[in-house]
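In mature numbering (1 follows the signal peptide of the UniProt record, and there is no 0), the protein residues as written are -20 to -1, 1 to 82.
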């Protein structure tokens, strides 16, 4: 019974997320609307913008209106590859071996 719930809950959330869509008035095409590059920048500065948005009503973490998919892709790239989602590799170097007698 527990296994069925653990499968049903993510499936239900995925189905609910599939219903989400962006408001048509939020997507604009023009030279002044934020695109891919501003999406990358906004994704990169997301942690700072989020903290500032808690205290300053004029600061937002996402630009609306934007040009749609390219801005979203840039935002994703900024967060995952350049920003808080980026993982630095951790290399462990062994300099000596200590052997103990049993």
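Just so it is clear, CB atoms sit at the ideal spot from N, CA and C, and this is done for glycine as well. Since this is a predicted model, take the numbers as computed values, not measurements.
Original post:
Is the CB-CB distance between residue 40 and residue 14 below 9 Å?
Top reply: Contact annotation: residue 40 and residue 14 have beta-carbon atoms that are not nearer than 9 Å.
Original post:
Using the rule of at least 16 other Cβ atoms within 10 Å of the residue's Cβ for burial, across every protein chain shown, is residue 47 buried or exposed?
Top reply: Buried, since its Cβ has 16 or more Cβ neighbours within 10 Å.
**OP:** Would you identify the three-state DSSP class for residue 15, choosing helix, strand or coil?
**Re:** Looking at residue 15 - three-state DSSP - the assignment turns out to be coil, as it is neither helix nor strand.
Subject >> residue 37 in three-state terms, based on DSSP >> reply: Note: residue 37 maps to coil in three-state DSSP.
Subject >> Contact set for residue 9: own chain, Cβ-Cβ below 7 Å, skip 5 residues either direction >> reply: Residues 47 of the same chain have their beta carbon placed closer than 7 Å to that of residue 9, with the five preceding and five following residues left out of the count.
Subject >> Local Cβ density within 10 Å of residue 20, reported as buried at 16 or more and exposed below that >> reply: Its Cβ being crowded by 16 or more others within 10 Å, residue 20 is buried.
Subject >> Residue from -6, 56 and -4 whose Cα sits closest to the Cα of residue 22 >> reply: The shortest C-alpha separation from residue 22 is found at 56.
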